[in-house]
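Just below is one structure, and these are the notes that go with it.
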Amino acid sequence: VAFIAFAPEGYGTRIESIFDSSKDQVGSSQVRVNAMRFSLESMAEHPLFGVGVGMNILGIKDLGMGWQHVHNVYLQIGTEMGVPAMIIFVVFLLKVFGSVRNVAKANTRIGEVTDVKVLAIACEISLAAYIIAAFFYPVAYHFYMYYVAGFCLAIKQIAASSIQIEPAEQPANPYARWA
Numbered sequence: 009v010a011f012i013a014f015a016p017e018g019y020g021t022r023i024e025s026i027f028d029s030s031k032d033q034v035g036s037s038q039v040r041v042n043a044m045r046f047s048l049e050s051m052a053e054h055p056l057f058g059v060g061v062g063m064n065i066l067g068i069k070d071l072g073m074g075w076q077h078v079h080n081v082y083l084q085i086g087t088e089m090g091v092p093a094m095i096i097f098v099v100f101l102l103k104v105f106g107s108v109r110n111v112a113k114a115n116t117r118i119g120e121v122t123d124v125k126v127l128a129i130a131c132e133i134s135l136a137a138y139i140i141a142a143f144f145y146p147v148a149y150h151f152y153m154y155y156v157a158g159f160c161l162a163i164k165q166i167a168a169s170s171i172q173i174e175p176a177e178q179p180a181n182p183y184a185r186w187a
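Counted from 1, the sequence shown has number 178 at position 170 by the working numbering; the numbering is strictly sequential.
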């Protein structure tokens, strides 16, 4: 309620413009749609190797758009490094997400909560947020996703290497098995 009361003038109209482009007074939604279209055209012209890392602005400009980023990580990678790189990136994201999801599901018995499970769920949520947000931001090379993916893979490795020994199964002398 406080947020709505203190929101700047015209904020509601700006939010409405997300869903109704006719209310967009500055035309940013049309610019973004055009940037996506030009990005797809650039990908069609340079499908294997793209236009070069960091060059999506130039690739779009060469097609007549002007100096604009494409506000989509997947299209940015596809434009800059080609369709194969975009496919590899998407497969990588899905594999990492699937592996951390499996850790969150399979790590514990029903109702039991461990640190590994909590960390796996946190990583899963973070990666899911990135996967969705990547459709709206030009941040393909920022560190956010790479840190989260690294954490996800570390959690997977921790879960794979941890051996859960029930307290009743622990030997009285931890070195007895080598005696």
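The C-beta atom is built at its ideal place from N, Cα and C for all residues, glycine as well.
TODO: Could you round the C-beta distance between V108 and I163 to whole angstroms and report it? I think they count as a contact, below 8 Å.
DONE: 6 Å
- [ ] Would you mind sorting Q84 into buried or exposed? The rule is 16 or more other CB atoms within 10 Å of its CB.
- [x] buried
Task: Where V147 falls: helix, strand or coil (DSSP) - done: coil
TODO: Could you tell me if Y138 is buried or exposed, where buried requires 16 or more neighbouring beta carbons within 10 angstroms of its beta carbon?
DONE: buried
Task: Three-state secondary structure (DSSP) of D123 - done: helix
Open item on the list: Considering only their Cβ atoms, is the gap separating E88 from V111 smaller than 8 Å?
Closed with: no
Open item on the list: According to DSSP, is I63 part of a helix, a strand, or is it coil?
Closed with: Just to set this straight, residue 63 is Met in the shown sequence, not Ile. Coil at M63, not helix or strand.
- [ ] Kindly indicate which three-state DSSP category D70 falls into: helix, strand or coil?
- [x] helix
Task: Distance CB(G86)-CB(M94) smaller than 8 Å - done: yes
Open item on the list: Measuring straight from C-alpha to C-alpha, what distance separates L101 and A13?
Closed with: 40 Å
TODO: Tell me where the alpha helix (DSSP H) around F97 begins and ends.
DONE: V91 to A114
Task: Residue range of the alpha helix (DSSP H) that includes A10 - done: A10 to F14
Open item on the list: Please identify the residue among V126, L127, F97 and S169 whose C-alpha is closest to the C-alpha of Y149.
Closed with: F97
Open item on the list: Rounding to the nearest angstrom, what Cα-Cα distance links A168 and E132 in this structure?
Closed with: 17 Å
Open item on the list: Buried or exposed, going by whether 16 or more other CB atoms sit within 10 Å of the CB of G67?
Closed with: buried
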